[in-house]
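Take a look at the structure set out below.
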Amino acid sequence: MGIYVFKREALTELLNQDQREDFGYHLISTAVKKGKTFAFVYHGYWEDIGTVASYYEANLIMTENSLSGLNTYDERNPIYTRPTFLPGPKIESTKIIQSIVCEGSIIEAEEISHCVIGLRSHIRRGTIMRDTVMMGNHFYMPPTKEGKKIEEDFTVGENCLIEKAIIDEHVRIGNRVKLINKQKLKHFDGEGIFIRDGIIIITAGTCIPDDFEL
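For the sequence shown, our numbering gives the first residue as 1177, with consecutive numbering after it.
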């Protein structure tokens, strides 16, 4: 679980003796060698999300409730989050397959398949999104000064095709954008767009222009 309990004196001694960077791999192994180290076996749900691939898979497996080992739709296994005070998602003629769509979202897309769609997400008409984790947004429109209107909302535009991606918060994606990793790259570095382990990553605040392809 990544939860460690130390006596203050013991932790101070270990930190002074072992200067290596990883707490779990290095410091704990040193403590085991010194003795008086105990483990508690946790039998509940746990996933290591220390890599892009493991984080991606841990999110999408939540759409496969019978396989995930963590059923949050169960009175015996509740999950508590902060209240959002948002309306339910609004969905217009969209084919949705094995996906989670969070509150405040507006879904006009053609298809959403095996996706997690975060708060206040807006996906426009004709777009197909598959195998994607979309973080959502903290608000619908960015703050403005002196009454100036910003035309571009945080949306995924019309007639886009997005597959196997992680889309961070407050991202604008134009119309007819294709994010499909057509060259099957394992690693790529771009401006606000990256590929790790074959997964496309769009970083927070990125604006992708119309007709962009990757």
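Every residue gets a Cβ at the ideal spot worked out from N, C-alpha and C, and that includes glycine. Here the structure is a predicted model, which is why all the values come from computation and not from measurement.
For A1186, there is no enclosing beta strand (DSSP E); the enclosing alpha helix (DSSP H) covers residues R1184 to Q1193.
Less than 8 Å divides the Cβ of T1248 from the Cβ of I1255.
Residue G1200 holds the alpha-carbon nearest to the alpha-carbon of V1181 among M1305, G1200 and G1381. In this structure, the alpha-carbon of E1334 lies about 6 Å from that of G1302. For L1203, the secondary structure class from DSSP, reduced to helix, strand or coil, is helix. Close CB contacts of K1360 within its chain, under the 8 Å cut and outside five residues either way in sequence, are with G1374 (chain order). DSSP places E1251 outside both helix and strand once states are collapsed to three, so it counts as coil.
In this structure, the CA atom of M1310 is about 30 Å from the CA atom of Y1218. Rounded to the nearest angstrom, the gap between the Cα atoms of Y1232 and R1352 is 24 Å. For V1309, the enclosing beta strand (DSSP E) has its first and last residue at I1304 to G1312. Taking C-beta atoms under 8 Å as the contact rule, C1278 and I1288 fail to qualify, at a distance of about 12 Å. Residue state for L1355 is assigned as strand, using DSSP reduced to three classes.
Distance from the CA atom of S1275 to the CA atom of I1204, rounded to whole angstroms, is 39 Å. If you keep only unbroken beta strand (DSSP E) runs of at least 3 residues inside the segment 1257-1288, you get 1271-1273. By the neighbour-count criterion, in which 16 or more other beta carbons inside 10 Å mark a residue as buried, M1317 falls on the exposed side.
Secondary structure of K1340 (DSSP, three-state): strand. A residue is called buried once 16 or more other Cβ atoms fall within 10 Å of its Cβ, and A1229, having fewer, is exposed. In this structure, the alpha-carbon of I1378 lies about 8 Å from that of V1347. Looking only at G1178, L1187 and A1207, the smallest Cα-Cα distance to D1224 is reached by G1178.
Within 10 angstroms of the beta-carbon of T1308 lie 16 or more other beta-carbons, which makes it buried. Distance from the CA of A1215 to the CA of P1263, rounded to the nearest whole angstrom, comes to 44 Å.
The three-state reading of DSSP puts I1237 in helix, counting H, G and I together.
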